[in-house]
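In the numbering used here, the protein residues as written are 2 to 206.
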Ligand SMILES: N[C@@H](CCC(=O)N[C@@H](CS)C(=O)NCC(=O)O)C(=O)O
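Set out below in structure tokens:
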């Protein structure tokens with residue numbers, strides 16, 4: 002299997018998870034957003050985005066969560082929870098996507114990505130509104146983690162932690178005030194103790 006990736010938000014998460022799982026994939030750096038590469042990537046993923054997992058027969062699976070689900074099944078890991086813990090993990094995946102990461106992604110995009118080609122910021126009110134959302138959801142996560150738990154689902158790290166942590170590695174550069182939420186900051190530290198989370202691209206392009 003081949004995993005196409007870039008260094009951006011979701012592919013970073015996917016590469017970290019694949020490496021954590023020690024999944025049997027080869028890694029291929031890609032720039033699907035480059036107009037010159039559209040014809041190559043549109044058949045692989047109609048969204049023209051990475052990550053993309055390609056199988057030996059040429060077929061593909063796209064979307065980070067689906068790829069991690071597939072790779073965890075491949076290696077038989079409970080990093081992707083099954084059974085009674087699965088709804089709880091799905092809850093955090095959904096919550097991250099719809100709430101914390103959605104608000105954080107606004108800052109990731111407008112502070113790190115969009116300025117590469119467009120210098121014009123959206124109105125300040127947009128930043129204020131998104132920061133209000135980000136703080137609200139970071140506060141909710143902080144309260145959940147205040148019970149002293151190390152990980153979000155059970156006693157070991159799961160994909161719930163990786164998904165909720167999607168924007169953590171970019172927080173400083175994106176100006177996300179995670180360090181003001183002490184329990185979230187501890188979650189950030191715990192994830193950073195995992196080598197492949199801290200540096201998923203070690204040895205890769
Ligand atoms: N919902 C998709 C989102 C994928 C996505 O947004 N990919 C972006 C990076 S975060 C992308 O391919 N951008 C072009 C690039 O990185 O070259 C997923 O979770 O995998």
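Where a beta carbon is used, it is the ideal one built from N, C-alpha and C, also for glycine. Computed from a prediction, not measured in an experiment: that's the story for all the values here.
Quick one: grab the DSSP three-state call for residue i.
i, result
"residue 83", "coil"
"residue 102", "helix"
"residue 63", "strand"
"residue 68", "helix"
"residue 4", "strand"
"residue 30", "strand"
"residue 54", "strand"
"residue 108", "helix"
"residue 179", "helix"
"residue 48", "coil"
Does ligand 1 have a heavy atom nearer than 6 Å to the CB of residue i?
i, result
"residue 90", "no"
Does the beta-carbon distance from residue i to residue j come in below 7 Å?
i, j, result
"residue 205", "residue 198", "no"
"residue 184", "residue 122", "no"
"residue 73", "residue 163", "no"
"residue 54", "residue 90", "no"
"residue 102", "residue 189", "no"
"residue 52", "residue 65", "yes"
"residue 81", "residue 160", "yes"
"residue 105", "residue 177", "yes"
"residue 49", "residue 42", "yes"
"residue 76", "residue 113", "no"
"residue 26", "residue 97", "no"
"residue 135", "residue 100", "no"
"residue 128", "residue 175", "no"
Alpha carbon to alpha carbon, how far is residue i from residue j?
i, j, result
"residue 69", "residue 111", "27 Å"
"residue 36", "residue 62", "22 Å"
"residue 155", "residue 115", "38 Å"
"residue 120", "residue 172", "21 Å"
"residue 92", "residue 16", "22 Å"
"residue 94", "residue 145", "15 Å"
"residue 78", "residue 10", "23 Å"
"residue 150", "residue 202", "29 Å"
"residue 153", "residue 84", "16 Å"
"residue 47", "residue 39", "9 Å"
"residue 86", "residue 157", "12 Å"
"residue 194", "residue 200", "10 Å"
Less than 6 Å separating the Cβ of residue i from some heavy atom of ligand 3?
i, result
"residue 5", "Ligand 3 is absent from the structure shown, which contains only ligand 1."
*Just the residues with CB closer than 6 Å to a heavy atom of ligand 1, in chain order, which are they?*
7, 9, 10, 11, 12, 32, 33, 34, 50, 51, 52, 64 and 65
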